[in-house]
Amino acid sequence: MQLSASTVKSINLLLKVSILLTIAGAAVSSRLFSVIRFESIIHEFDPWFNFRASKYLVNNSYYKFLNWFDDKTWYPLGRVTGGTLYPGLMVTSGVIHKLLRMVALPIDIRNICVMMAPAFSGLTAYATYLFTSEMKDQSAGLLAAAFIGIAPGYISRSVAGSYDNEAIAIFLLMITFYTWIKALKMGSAFWGAVCAAFYFYMVAAWGGYVFITNMIPLHVFVLILMGRYNDRIYVAYSTWYALGTLASMQIPFVGFLPIRSSEHMAALGVFGLVQLAAFANYIKSQVTPKQFKYTVGLSLVGLIAIAFAGLVGLTVSGVIAPWTGRFYSLWDTGYAKIHIPIIASVSEHQPTAWPAFFFDTQMLIWLFPAGVYLIFQELRDEHIFVIVYSILGSYFAGVMVRLMLTLTPVICVSAAIAISTLLDVYGDFSTKTKGDTVLVPKYQPLGHEKPGEVVEDDEDDETVDKAAKFTLGLVAKGAVIVSFLFYLGMFVYHCTWVTSNAYSSPSVVLASRMPDGSQHLIDDYREAYYWLRMNTPEDARIMSWWDYGYQIGGMADRTTLVDNNTWNNTHIATVGKAMSSSEEVAYPILRQHDVDYVLVIFGGHLGYSGDDINKFLWMVRIAEGIWPDEIKERNYFTPAGEYKVDDKASEAMKNSLMYKMSYYRFAEGTQKPDRVRNQWIPPTPIELNTLEEAYTTENWLVRLYKVKDLDNLGRDLKSAKSFDTGKAKKKGKAAYSEKRAFELRE
Amino acid sequence: MANNERRKKNAPMGKRIGHVIRRGPFHQIIRPFRQNRNLQVSPFSRVWTRFEFHLSSGHDTNSTALHNTSPTMLFVRTLVLAMAGLVAAKPPVEARTAVIVDKNTDLAQYSQFFDDAEHLLDTVTVIDVKDKSFDLFTYGYQAYDMVILFPPQVKSLGPALTSRKLLEFFNKGGHILSITSPEHTPESIRDFAQEMGISMAPKFHKLVDHFGETGPNHDSLTLDTVNSVISSAENVVYSGSAAYLSNNPQLVPLLTAPSTSYVYDYKEDEEDEENAGTMGTPWITGSQGFPAVGFQGKNNARFAWVGGDIMTNEQYTAHPGNRQFMKDVVEWVSVAKNVISPEYIRHNLAATPDVLNEKIYKVNEDITYSVALTEWDNVKEDWVPFIADDVQIEFTMLNPYYRLTLEQTGTTNFSAIYSTTFKIPDQHGVFTFNLDYKRPGYTFIEEKTRATIRHTANDEWPRSWEITNSWVYLTSAVMVVIAWFLFVVFYLFVGKADKEAVHKQ
């Protein structure tokens with residue numbers, strides 16, 4: 009049966025649409041494990057802040073949100089929240105909330121927040137499809153969309169409830185890249201402007217926009233170096249840079265950074281370079297090549313040197329902010345550990361362990377180089393983009409675990425190109441044989457690609473034994489196709505498994521298994537936060553390590569001293585110092601900061617390894633950074649250099665507030681094992697004078713302490729406590745015939 | 003008559019004024035207070051009565067039970083008779099005083115003391131120290147507001163009056179007046195006082211002075227009070243023990259021993275026949291000895307200790323100074339004297355004095371803080387303005403940004419208004435107005451009021467054209483726009499015309 013061209017076209021479209029819809033469906037549904045297993049709840053830490061900010065936005069106006077001064081965090085400093093956040097995410101959910109209300113769907117803001125990431129993952133799949141289609145063809149695009157839809161590297165940050173900036177940022181990253189490629193290819197100011205618009209959205213949504221800010225200039229720079237400069241590049245880049253930079257400066261948090269910080273200087277420099285290149289090109293067309301070479305070439309080099317010297321000069325003089333510490337740690341993984349413990353202490357800032365690559369992308373990781381190799385074969389302008397992206401992405405993903413996220417899209421794109429090429433070659437079962445040597449297909453000219461179209465060679469007649477070759481080819485093709493179908497099946501299986509087992513825990517609720525295999529939920533966090541919400545005054549100030557700041561703010565609705573927005577290292581170090589000092593030192597700090605309650609996470613009873621004693625060394629280190637004379641990390645180790653909490657624990661350790669709060673009443677009377685550190689806690693009762701236990705949750709996971717008020721009689725709290733417990737009581741007359749050691753009245 | 007009763011009732015209620023104020027935002031409390039003043043229904047009375055009611059119901063059942071079950075408990079006839087009329091005229095919710103005695107105490111000896119104190123001690127319950135059913139607390143609440151401990155001759159005051167119970171009573175706001183004698187200083191009181199920094203001399207120690215008119219045994223000293231804030235009695239004739247004091251700033255010395263005096267163990271001196279007339283090392287010498295001391299807790303509960311029994315009728319008749327002194331001390335302990343309280347605390351923008359106690363202010367604004375201080379006048383039985391020139395506040399975020407002395411800017415009928423206006427520093431954050439007024443002998447005032455200071459919002463900066471410096475940039479921006487427009491015009495039309503002209507030529 010012969011189908012007309014238009015029928016083929018509409019079937020093609022129908023297939024494409026249904027495939028993309030299916031992919032979006034798969035992407036969304038595989039992210040719903042957490043909602044089904046647990047409940048519709050905001051996950052982890054940062055999302056709690058985003059959620060709280062979204063609520064603020066929805067309950068107040070955008071204007072109020074923009075100028076929000078948050079006095080419930082960073083007590084007593086407060087935080088200029090409206091000016092120090094990326095509002096994209098909250099505004100997006102706020103707009104969705106409003107739109108749904110307009111169509112009479114009053115959906116709770118929480119549910120919008122929870123479902124935001126899965127919804128956007130569908131869009132990401134579409135954006136990746138568009139991007140990959142530009143690179144090869146639509147079949148590769150569909151594959152890439154399917155890959156990004158379920159790749160664990162992306163799912164890890166976009167399951168339902170993971171309401172974080174990355175949830176929408178990856179979509180924006182891919183759509184910006186797509187529009188950039190489009191602009192570059194067509195040399196269109198329109199597409200450049202669209203690219204700038206998406207870039208602006210990206211800037212509004214995620215601090216990772218700097219990645220784009222450097223990727224696009226780098227792409228242009230490489231193109232210029234390769235001598236591929238043309239007017240299309242000029243138009244696309246100039247439009248994007250001018251509009252994008254102006255737009256990005258409208259975000260309060262970004263402000264003047266694009267012209268003042270080193271991270272943005274590459275974009276500015278390339279902007280200048282493009283102008284020079286355009287000028288040089290013009291000169292080139294006017295003079296002879298020889299003249300051009302000597303005059304223009306030389307002056308170009310001179311200009312670049314001057315620009316670079318100016319850049320260095322401005323940086324040294326402080327007009328341009330030097331690289332931030334977080335950026336240094338991208339180049340030297342050991343830098344943060346030595347200089348900025350606050351950054352090194354964050355687990356997602358650690359260098360990636362190699363199994364993580366496989367874990368997060370499975371077979372795509374080995375298809376990735378193959379795809380890049382195939383791209384090298386053709387090396388059009390846009391292919392250079394993928395190459396640059398893959399190099400940068402791989403490097404950054406190797407340096408920091410969280411940047412695995414930015415690498416995943418390019419892995420998916422390259423792998424899709426590799427597999428699609430493979431299918432192009434081996435998936436052709438038509439009776440026509442192809443030339444032996446064709447392994448790399450010639451790509452179709454742009455805009456004319458048809459999926460599945462066979463690339464033909466003209467040298468058919470030269471083959472001798474067509475039938476034999478065909479059979480042989482069929483076997484070989486069959487083997488490759490079948491094995492790759494198997495791999496793809498494995499990939500889907502792996503992705504589902506990883507998603508369901510590793511990335512779907514809200515981490516607010518912990519799941520464990522009972523001996524009979526049934527699931528048991530440990531809900532201590534919420535128990536404690538709810539207790540705080542219900543039993544403490546509304547303006548009570550809670551001190552905890554910064555990890556729990558956002559959660560306390562979000563769930564307990566109480567004022568915190570420090571939180572996950574680690575903008576003030578000194579304030580965090582103050583908390584670290586209070587935690588790692590003895591009660592006598594800590595109490596004045598607590599009083600000065602008007603602390604009412606102290607919250608610690610203690611996993612020793614349950615065997616929960618993410619507790620505060622395990623994070624304790626970071627508190628010590630961060631405090632040591634500010635008070636090297638008072639806090640010394642060495643003091644918290646045993647003389648043998650071990651980190652012990654049992655009877656061998658060092659004095660500083662045993663006297664520290666954190667140790668006391670963690671093990672208070674834990675092993676009273678009998679020795680008890682700490683199940684995290686596998687050490688026995690000595691039965692000596694721990695004495696707390698300045699704090700009193702307020703609440704301990706069911707599994708001892710969260711412990712709350714109330715800070716005692718000053719003694720009514722003006723005694724220090726230690727002697728007050730010993731009087732109350734009767735320890736100071738002396739018997740007989742002798743006690744009074746001796747004078748007490750008072751500081752006598754003048 | 004009804005009004006008078008109300009007035010009477012105001013006295014003890016007023017003592018709690020500080021507590022009441024903390025119960026809600028000031029403007030809520032203050033306005034009804036001022037409006038209803040003429041009606042004699044203050045919000046204090048409302049709140050306090052409710053609170054009291056709860057207590058008194060417990061107390062009533064308790065005392066009835068005591069009366070029924072313990073025959074040893076005494077309602078001393080003379081006292082009850084003396085105060086019967088008064089008690090009957092007063093509402094049942096009053097400052098409840100427990101007088102702790104033992105069976106050797108003859109309260110008739112102290113009738114003048116009680117007569118003087120009658121207007122302060124509303125319901126007096128006399129309790130035998132041996133009474134096993136006696137308890138300072140009923141269901142965890144205080145059963146009494148004040149306890150007067152007479153020097154008992156028993157060694158121990160029993161389980162109801164251990165040092166820890168006394169401390170708990172004190173910490174919950176109860177007032178204690180303790181009189182001891184060199185022979186009888188119960189250990190619980192000694193322990194309790196020790197915690198405050200009062201180190202009483204051991205048993206059988208007394209204060210003597212060999213100079214001046216000090217009687218045959220050189221132990222009857224004539225002293226003047228040292229603290230005119232509490233008492234300015236002169237010629238207090240004292241014989242008894244003394245204590246030495248720590249540097250605790252909450253202590254208020256009432257009497258100081260003369261520099262020539264000392265405290266020694268007279269019993270040892272008497273028993274030791276060989277060295278009769280000479281004595282061992284004195285316990286305290288000179289003006290380090292304090293025969294009477296007051297103490298005020300951070301919760302404004304008051305405690306006073308007198309180391310010798312100087313308040314019998316006999317003493318009173320002989321020495322009017324003693325009478326004056328004890329009258330003042332009782333007045334002080336029963337918080338009828340030196341009671342100051344903030345009637346209200348306000349902060350507002352200097353520009354808008356009508357909008358009070360906003361939760362949030364902006365940096366660099368001028369702000370006015372004012373506090374109205376009032377003092378209880380026991381003679382007038384009313385609140386009067388409290389006049390002082392040393393009232394300060396701190397404007398604090400972690401550290402004080404300002405420490406300002408408030409100026410008196412006016413008076414209301416009941417209080418003096420102190421205020422100051424200052425410019426909020428250019429620093430956002432949660433600031434505290436810290437009013438910390440602690441003067442020895444006076445009620446401590448420590449009021450922390452928090453206000454958030456926010457940053458300048460995006461539209462609160464001056465517009466760009468209002469800044470002269472920006473004109474350069476504005477001009478250049480406008481010029482570029484115009485230049486661009488001209489360029490386009492020229493490029494499109496002028497050039498073409500030229501070319502056409504050239505072409506034509």
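Quick note, the sequences are listed as chains L and X, same order. Residue numbering for the first sequence follows the working numbering, beginning at 9 and increasing consecutively. Residue numbering for the second sequence follows the working numbering, beginning at 3 and increasing consecutively. Note that the Cβ used here is the ideal one computed from N, Cα and C, for glycine as well. Just so we're clear, the structure is a prediction, and the values are computed from it rather than from any experiment.
Close Cβ partners of residue i (< 8 Å) along its chain, the five nearest in sequence each way excluded
{"i": "A127(L)", "result": "V36"}
{"i": "Y134(L)", "result": "L28, A32 and A153"}
{"i": "E409(X)", "result": "Y420, S421 and T422"}
{"i": "S664(L)", "result": "M587, S588, S589, S590, F624 and Y644"}
Integer-rounded CB distance, given that residue j should sit under 8 Å from residue i
{"i": "D368(X)", "j": "A353(X)", "result": "7 Å"}
{"i": "L209(X)", "j": "I232(X)", "result": "Not a contact, Cβ separation roughly 20 Å."}
{"i": "V715(L)", "j": "L614(L)", "result": "About 26 Å; that fails the 8 Å criterion."}
{"i": "E197(X)", "j": "L169(X)", "result": "7 Å"}
{"i": "V583(L)", "j": "M563(L)", "result": "Between M563(L) and V583(L) the Cβ distance is about 19 Å, and since that is not below 8 Å, they are no contact."}
Cβ neighbours of residue i in the same chain (closer than 6 Å, five flanking residues each side left out)
{"i": "I115(L)", "result": "L108"}
{"i": "F366(L)", "result": "I373"}
{"i": "K739(L)", "result": "Here K739(L) scores only 47 on pLDDT, less than 50, and its place in the model is too uncertain to base an answer on."}
{"i": "K190(L)", "result": "W199"}
{"i": "I50(L)", "result": "W56, F59, G169 and Y171"}
{"i": "K485(L)", "result": "Y434"}
Proximity test, residue i beta-carbon vs the ligand GDP heavy atom, cut-off 8 Å
{"i": "E638(L)", "result": "In terms of ligand content, the structure shown is empty, and the ligand GDP therefore cannot be addressed."}
Per DSSP, cross-strand counterpart(s) of residue i
{"i": "E695(L)", "result": "None; E695(L) has no bridge partner."}
{"i": "P344(X)", "result": "L375(X)"}
{"i": "Y143(X)", "result": "T140(X)"}
{"i": "Y605(L)", "result": "I550(L) and K714(L)"}
{"i": "R166(X)", "result": "Partner(s): none; R166(X) has no beta bridge."}
{"i": "P1(L)", "result": "Past the edges of chain L, shown from 9 to 754, lies residue 1(L), and the structure says nothing about it."}
Extent of the continuous alpha helix (DSSP H) run through residue i
{"i": "M234(L)", "result": "Looking at the DSSP string, M234(L) is not in any alpha helix (DSSP H), and its letter there is neither H nor E."}
{"i": "F139(L)", "result": "I117 to M143"}
{"i": "Y70(L)", "result": "Y70 to L74"}
{"i": "G323(X)", "result": "P322 to V335"}
{"i": "G96(L)", "result": "G96 to M110"}
{"i": "M202(X)", "result": "From DSSP, M202(X) is part of no alpha helix (DSSP H) but of the beta strand (DSSP E) over I200 to M202."}
{"i": "N543(L)", "result": "D532 to N543"}
{"i": "E386(L)", "result": "L372 to E386"}
{"i": "Y245(L)", "result": "D239 to S256"}
Own chain partners of residue i with C-beta closer than 7 Å, once the 5 adjacent residues on each side are dropped
{"i": "G633(L)", "result": "P349 and A581"}
{"i": "E215(X)", "result": "T224"}
{"i": "T733(L)", "result": "none"}
Where the beta strand (DSSP E) containing residue i begins and where it ends
{"i": "Q687(L)", "result": "Q687 to I689"}
{"i": "N359(X)", "result": "N359(X) -> no beta strand (DSSP E), and no H or E assigned at all."}
{"i": "P114(L)", "result": "Element bounds for P114(L): n/a, residue is neither H nor E."}
{"i": "Y493(X)", "result": "Here Y493(X) belongs to no beta strand (DSSP E), and DSSP marks it neither H nor E."}
Closest by C-alpha distance to residue i, when choosing among the options
{"i": "D389(L)", "options": "L540(L), A244(L) and E638(L)", "result": "A244(L)"}
{"i": "A423(L)", "options": "S14(L), F155(L), A112(L) and K623(L)", "result": "F155(L)"}
{"i": "V43(L)", "options": "S515(L), Q679(L), M627(L) and D654(L)", "result": "S515(L)"}
{"i": "S246(L)", "options": "R236(L), A204(L), S256(L) and M234(L)", "result": "A204(L)"}
{"i": "Q600(L)", "options": "E468(X), V228(X), P284(X) and T434(X)", "result": "T434(X)"}
{"i": "W539(L)", "options": "F478(L), G277(L), L696(L) and R711(L)", "result": "R711(L)"}
{"i": "D392(X)", "options": "D221(X), L358(X) and T407(X)", "result": "T407(X)"}
{"i": "L518(L)", "options": "E52(L), V16(L) and L23(L)", "result": "E52(L)"}
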